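In this note's numbering, the protein residues as written are 11 to 271. Ideal placement from N, C-alpha and C gives every residue a C-beta, glycine not left out. None of these values were measured; they are calculated from a predicted model. Step one of this worksheet: look at the structure below.
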Amino acid sequence: MNIKVIFNEFKSQVTFTLFLIWILAVWHLRTINSFVYPLLAVLTVAVADLFVTWIRDRKLYFPSASLVTGFLIGLIIAPSEPFWMIILAAILASLSKQFINVGLRQHIFNPAAFGIMATSLALNVPVAWWAVAWSRWPLIILVPLMIRILWRMKRLILPVTFLTTYFIYLFFQFSPNDAVVTLVDGTFLLFALVMLPEPITSKTQGSLKYLFGVMVAFLAILISRTNFLTDAFLSALLISNLIGFLLLRFRKTFSQSKRPN
C-alpha cells in the first residue's frame, strides 16, 4: 500500500478536509458525541464496504471513499441523536453503494445522501449539518481546500452552476442580502462543494456537465417550497442522481439502436 499514492487521491484529500472541519467542530462543542459519532460512522461504512467487497470479490483495499461517506454522515446527523441512528445511516449508505448499482463503482445514488435521507424519512431524524452550522469558521477550511480539489478534478462547474442558480432565485425572490447570506452559509457550501460534485453519481457527461447543478438547484427550490421532504438539498441530489442515470442510459440505448447491424 503506497501511502503517497493514497494521500494524492482526491478522495483522501476530501477526507482530510472533512477531518479538519470535524476537529474544529469538536473543539467548539467539546462533547463526547461530537468526537465519537463521526468516527463511528467512518468505521461502520469502512467495515461494511470491506466486508461486502471481500465476500463478493475476495479483495481488500484502502476504503478512501468510505471515509468520505462516513465523515459526511457523522458531520451531518446531530450528535444528540442515539448512536444507533448513525450506525443505521452508515449501513444504508454502504448498502446503497454495493447493491443499487449497474456495476463495480457505478452506484446510482450518492451514498451519504442516501443513508442520511433514508434514516431521516424512516425515523423522523432531523438533518442537522451540525459541524458547519454553528459558525462561518469552518468555511475557512472548506472553501479554499475544496475549490483547489475540484479545480484539479475539473468538476468545479457543478457547484458553480448550482450556486449561481440558487443565488439568482434568492436574489429575485427575497433580497440581495438573503442571497449573499445563503451563499456563505456552511450548510449550503458543504453540500455544494462536497456532496454535489461526487464523481460517480453526479453526471458530467456531455450537456449534463452544465445542467446537473442547475437541475439540483431547481429541485431543491421546489422541494423547499413544498416542505414535503426533511431536507431539500439531499432530496434534490438523490432525485437528480436518478434522473442523470436514466438520461445517460436512455442516450446510450438510443445510440446503440441507431448503429447499423
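For the segment 154–198, there is no continuous beta strand (DSSP E) assignment of 3+ residues that stays within its boundaries.
Under the 8 Å Cβ criterion, the segment 126–146 does not count as touching the segment 178–192, having fewer than three qualifying pairs. Inter-residue distance for residue 165 and residue 23 is about 15 Å (C-alpha atoms, whole angstroms). Less than 8 Å separates the beta-carbon of residue 172 from that of residue 223. With a contact defined as Cβ atoms closer than 8 Å, residue 95 and residue 101 miss out at about 11 Å. Residue 67 counts as exposed, since fewer than 16 other C-beta atoms from the protein chains shown sit within 10 angstroms of its C-beta. A Cβ-Cβ separation of about 4 Å places residue 122 in contact with residue 82 under the 8 Å criterion. Secondary structure of residue 251 (DSSP, three-state): helix. Beta-bridge partners assigned by DSSP to residue 117: 111. In chain order, 81 place their CB closer than 6 Å to the CB of residue 28, counting only its own chain and leaving out the 5 sequence neighbours on each side. Minimum Cα-Cα distance from residue 91 among the listed residues 54, 212, 129 and 227 corresponds to 129. Residue burial is scored here from C-beta neighbours: residue 69 has fewer than 16 other C-beta atoms within 10 angstroms and is therefore classed as exposed. Taking residue 255 as the centre and dropping the five residues before and after it, the same chain places the C-beta of 118 closer than 6 Å to its C-beta, in chain order.
Between residue 139 and residue 197, the gap from beta carbon to beta carbon is short of 8 Å. With a 10 Å radius around the Cβ and a threshold of 16 neighbouring Cβ atoms, residue 32 comes out buried. Counting every other CB atom within 10 Å of its CB across the protein chains shown gives residue 134 a total below 16, marking it as exposed.
For residue 43, the CB contacts under 6 Å within the same chain, skipping 5 residues up- and downstream, are 89 in chain order. Around the Cβ of residue 216, a 10 Å sphere holds fewer than 16 other Cβ atoms; the residue is exposed.
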